[in-house]
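The opening position of the sequence shown corresponds to residue 1 in UniProt numbering, with each subsequent residue numbered one higher. Heads up, the beta-carbon is just placed ideally off N, CA and C, and yes, glycines get one too. Predicted, not measured: the structure shown is a model, and the values here were computed from it.
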Amino acid sequence: MLLFTTFGRYLTQRFLRAILSVFGTFFFLIATLDFVELMRRAGDSPTATTPSIIQLALYRAPSVAEQIFPFAVLFGGMFALLNLSRKLELVVARSVGISAWQFLQPAALVAGLVGLVSIGIYNPIAAELKQRASALEASLFIRTGQTLGKEIWLRQRSVDGQAIIRAAAALEGGVGLAQVAFFTFSPDGGFSERIEAKQAVLYRGYWELSEVRVVSATEEPQSYSTYLVATTLEPDQVRQSFTPPDSVGFWSMPAVLDRTLRAGLDTTRYELRYESLKARPLLMIAMILVAASVSLRFFRFGGVTRLVVGGVAAGFVLYVATQLSEELGSSGIVNASVAAWLPAIVGTLLGALALLHQEDG
């Protein structure tokens, strides 16, 4: 096999270097743009310093950059193949009888390994850093009323009646709220009081609030260092509501799925995320096949620019199809496993078909 020859090792290094270079460039751009945006927002926060903003940008960048792994493989594969063609190395390889399928073996191997590393090592780290970023962002910007996400709203029932809860952000692994307000109602449905707190942490049977201000229609506002509010919400229910699937690492996902299922809650979003991660190596290989189908034309034949644009368009279409399939899966229209694996399988088959048409007629 070509993989175990000197030329195979050379191709493996070229593809790996090209993919990592593209991904590193994207990562740097994402971190830089996010840092600029955070610095703009930091002007309204007295607690935000330049080191803390840099730390927050670095915490947030891996999770965002994870979404461009397929494009890094696509552009890296195209760059490596075009470079090999420009230097006539592919011409020499073909002249000694090496087919496109043979010199694509190192590329497919690298793409598959990048996919495995991205889900086994990179994804858990990115998920952990995203959770830390949420906590750090809350500590820096909550006081100014700024959040990067949407407000959180909950409704609960307890022995004291109903309550509507509004929070600016989720903390403490999904069972804590920051900048929270409780609108409580008596058992007969009348408004009782508004409870504002810097933070609320959910325990079994009650919320523990800190730095609290209680406002009611019949009494003067009262302030407390801590305050307890009864609830029937379970930590697993709240954690499932607050914790987005991309904040759960690959190795932690089975436990989260089991816990969510035992709590009697919908696991579709987590199942879809888990299956999408497992399908990622195949999606990376599909991207390599797409890159090869538009990058094997020799420079002397011309038309390379048109083919490169076509490759970028094909990769974008495959990405859009992946997102659309995941949307259908998350809505329950399509089975989660089918939604996660279908784009990767179809992309691989179409890429292989294009190569068969070019190489074997």
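List, from N- to C-terminal side, the alpha helix (DSSP H) runs of 4 residues or more that fit wholly inside the segment 98 to 127. 100 to 103 and 105 to 117
Q.
I'd like the ranges of any beta strand (DSSP E) spanning at least 3 consecutive residues and lying wholly in the segment 143 to 215.
A. Taking only runs of at least 3 residues, the beta strand (DSSP E) segments lying wholly in the segment 143 to 215 are 152 to 158, 161 to 171, 176 to 185 and 191 to 203.
Practice prompt. For my contact list, proline 62 and phenylalanine 250 are in at a C-beta cut-off of 8 Å; report their separation, rounded to the angstrom.
Written response: Position 62 of the sequence shown holds residue 62. Position 250 of the sequence shown holds residue 250. No, proline 62 and phenylalanine 250 are not in contact; Cβ-Cβ is about 14 Å, not under 8 Å.
Whole angstroms are fine: how far does the CA of phenylalanine 26 sit from the CA of isoleucine 68?
Within the sequence shown, residue 68 is the residue found at index 68, counting from 1. Within the sequence shown, residue 26 is the residue found at index 26, counting from 1. The alpha-carbon atoms of isoleucine 68 and phenylalanine 26 are separated by roughly 8 Å.
query: What residues are listed by DSSP as bridge partners for alanine 354?
result: On the sequence shown, position 354 is the one that residue 354 refers to. For alanine 354, which the question treats as bridged, DSSP gives no partner whatsoever.
Suppose the cutoff is 7 Å on Cβ atoms and the five residues either side in sequence are ignored; what does the same chain contact list for serine 330 look like? Numbered from its first residue, the sequence shown carries residue 330 at position 330. For serine 330, where only same-chain residues beyond five positions count, the Cβ hits under 7 Å are Thr268, Arg269 and Leu272.
Threonine 260 by DSSP, collapsed to three states: which one? Within the sequence shown, residue 260 is the residue found at index 260, counting from 1. Helix.
- Task: Answer yes or no: do tyrosine 59 and alanine 133 have a C-beta to C-beta separation smaller than 8 Å?
- Result: Locating residue 59 in the sequence shown gives position 59, where the first residue counts as 1. Locating residue 133 in the sequence shown gives position 133, where the first residue counts as 1. Cβ atoms of tyrosine 59 and alanine 133: closer than 8 Å.
Point to revise | Identity of the residue in Pro235, Ser295, Gly115 and Ala72 nearest arginine 262 by Cα | key: Mapped onto the sequence shown, residue 262 falls at position 262. Among Pro235, Ser295, Gly115 and Ala72, the Cα nearest to that of arginine 262 belongs to Pro235.
Original post:
Should the segment 26 to 44 be called in touch with the segment 97 to 110, which here means at least 3 C-beta pairs below 8 Å?
Top reply: no
Check whether the segment 108 to 118 touches the segment 274 to 288, counting contact only when three or more Cβ pairs, one atom from each stretch, lie closer than 8 Å. Using a Cβ-Cβ distance cut-off of 8 Å, the segment 108 to 118 and the segment 274 to 288 are in contact, since at least three pairs of beta carbons, one from each stretch, lie closer than that value.
### Message
Our contact map puts leucine 289 next to leucine 355 with C-beta atoms below 8 Å; I'd like the distance itself, whole angstroms only.
### Response
Here residue 289 refers to the residue found at position 289 when the sequence shown is read from its first residue. Here residue 355 refers to the residue found at position 355 when the sequence shown is read from its first residue. Indeed, because the Cβ distance is near 6 Å, the residues count as touching under 8 Å.
For this session: Leaving out five residues on either side along the sequence, give the residues of the same chain with a beta carbon under 7 Å from the beta carbon of leucine 3.
Result: Counting from one through the sequence shown, the residue named residue 3 turns up at place 3. Same-chain partners within the cutoff: Gln105, Pro106 and Leu109.
message = Taking DSSP's pairing of strands, which residues face serine 223 in a bridge?
response = Residue 223 sits at position 223 when you count from the first residue of the sequence shown. Answer by DSSP bridge pairing, in chain order: Arg213.
- Task: Quick one: residues in its chain with C-beta nearer than 6 Å to the C-beta of glutamine 131, no 5 flanking neighbours on either side, listed in chain order?
- Result: Here residue 131 is taken as the residue at index 131 of the sequence shown, counted from 1. Around glutamine 131: Ser247.
Report the residue from Val64, Phe28, Val73 and Ala31 whose alpha carbon sits nearest the alpha carbon of arginine 17.
Along the sequence shown, one-based indexing puts residue 17 at 17. Arginine 17 has its Cα closest to that of Val73, out of Val64, Phe28, Val73 and Ala31.
Open item on the list: My output table needs one value for residue 372: the three-state DSSP class, helix, strand or coil.
Closed with: Only positions 1 to 361 of the chain appear in the structure, and residue 372 is not among them; the question remains open.
Q) Using a Cβ-Cβ cut-off of 7 Å (strictly less than) and excluding sequence neighbours within five positions of isoleucine 54, which residues of its own chain qualify? A) Residue 54 sits at position 54 when you count from the first residue of the sequence shown. Closer than 7 Å at Cβ, skipping near neighbours: Phe35.
| said: Tell me whether the segment 156 to 170 and the segment 84 to 97 touch, counting them as touching only if at least three CB pairs, one residue from each stretch, are closer than 8 Å. | reply: Taking a contact to require three or more Cβ pairs closer than 8 Å, the segment 156 to 170 and the segment 84 to 97 do not qualify as touching.
Query raised in the report: For glutamate 220, does the count of other Cβ atoms within 10 angstroms reach 16, so buried, or fall short, so exposed?
Result: Within the sequence shown, numbered from 1, the residue matching residue 220 stands at position 220. Per the 10 Å Cβ criterion, exposed.
- Task: Give the DSSP-derived three-state secondary structure of valine 92 in the structure shown.
- Result: Position 92 of the sequence shown holds residue 92. In this structure, valine 92 counts as helix in the three-state DSSP scheme.
- Query: Thinking just about the alpha-carbon of each residue, which of Val334, Ala340, Val312 and Leu296 is nearest to the one in valine 91?
  - Reply: Residue 91 sits at position 91 when you count from the first residue of the sequence shown. Ranking Val334, Ala340, Val312 and Leu296 by Cα distance to valine 91 puts Leu296 first.
- Query: Can you tell me whether glycine 43 is buried or exposed, with buried defined as 16 or more other CB within 10 angstroms of its CB?
  - Reply: Sequence index remark: in the sequence shown, residue 43 carries index 43 (1-based). The residue is exposed, with fewer than 16 neighbouring Cβ atoms inside 10 Å.
Please return the same chain residues whose Cβ sits closer than 6 Å to the Cβ of valine 212, not counting the five positions on each side in sequence.
Reading the sequence shown from its first residue, position 212 is the one you call residue 212. Excluding positions up to five away in sequence, the list reads Ala197, Tyr224 and Tyr227.
- Name the residue from Asp160, Ala170 and Val309 whose alpha carbon lies nearest to the alpha carbon of tryptophan 153. By one-based count along the sequence shown, residue 153 stands at place 153. Of the candidates Asp160, Ala170 and Val309, the one whose C-alpha sits nearest the C-alpha of tryptophan 153 is Ala170.
Quick one: what does DSSP say leucine 82 is sitting in, helix, strand or coil? Residue 82 sits at position 82 when you count from the first residue of the sequence shown. Here leucine 82 sits in helix by DSSP.
- Report, in whole angstroms, the separation of the C-beta atoms of leucine 233 and leucine 136, which I expect to be a contact under 8 Å. Numbered from 1 along the sequence shown, position 233 holds the residue referred to as residue 233. Numbered from 1 along the sequence shown, position 136 holds the residue referred to as residue 136. That pair is no contact at about 26 Å.
Q) Between the beta-carbon of methionine 78 and the beta-carbon of alanine 352, is there less than 8 Å? A) Stepping through the sequence shown from its first residue, residue 78 is reached at position 78. Stepping through the sequence shown from its first residue, residue 352 is reached at position 352. The answer is no: Cβ separation not under 8 Å.
Item to complete: Please classify proline 343: is it buried, with 16 or more other beta-carbons within 10 angstroms of its beta-carbon, or exposed?
Response: By one-based count along the sequence shown, residue 343 stands at place 343. So proline 343 ends up on the buried side.
message: Give me, in chain order, the residues of the same chain whose beta-carbon lies closer than 6 Å to that of glycine 76; leave out the 5 immediate sequence neighbours on both sides.
response: Position 76 of the sequence shown holds residue 76. These residues qualify, in order along the chain: Ala18, Ile19 and Val22.
- Note the first and the last residue of the continuous alpha helix (DSSP H) segment covering glutamine 67. Residue numbering aside, residue 67 sits at position 67 when the sequence shown is read from its first letter. Premise fails: glutamine 67 is in no alpha helix (DSSP H) and is neither H nor E.
Does the beta carbon of alanine 57 come closer than 8 Å to any beta carbon on chain B? Included in the structure is just one protein chain, with no chain B present.
Can you tell which of Arg194, Phe191, Ala339 and Ala314 has the C-alpha that lies nearest to the C-alpha of glutamine 323? Working through the sequence shown from its first residue, we reach residue 323 at position 323. Comparing Cα positions, the closest option is Ala339.
Exercise for review: May I have the straight-line CA-CA distance separating leucine 202 from glutamine 222, to the nearest angstrom?
Suggested key: Reading the sequence shown from its first residue, position 202 is the one you call residue 202. Reading the sequence shown from its first residue, position 222 is the one you call residue 222. Approximately 22 Å between the Cα atoms of the pair.
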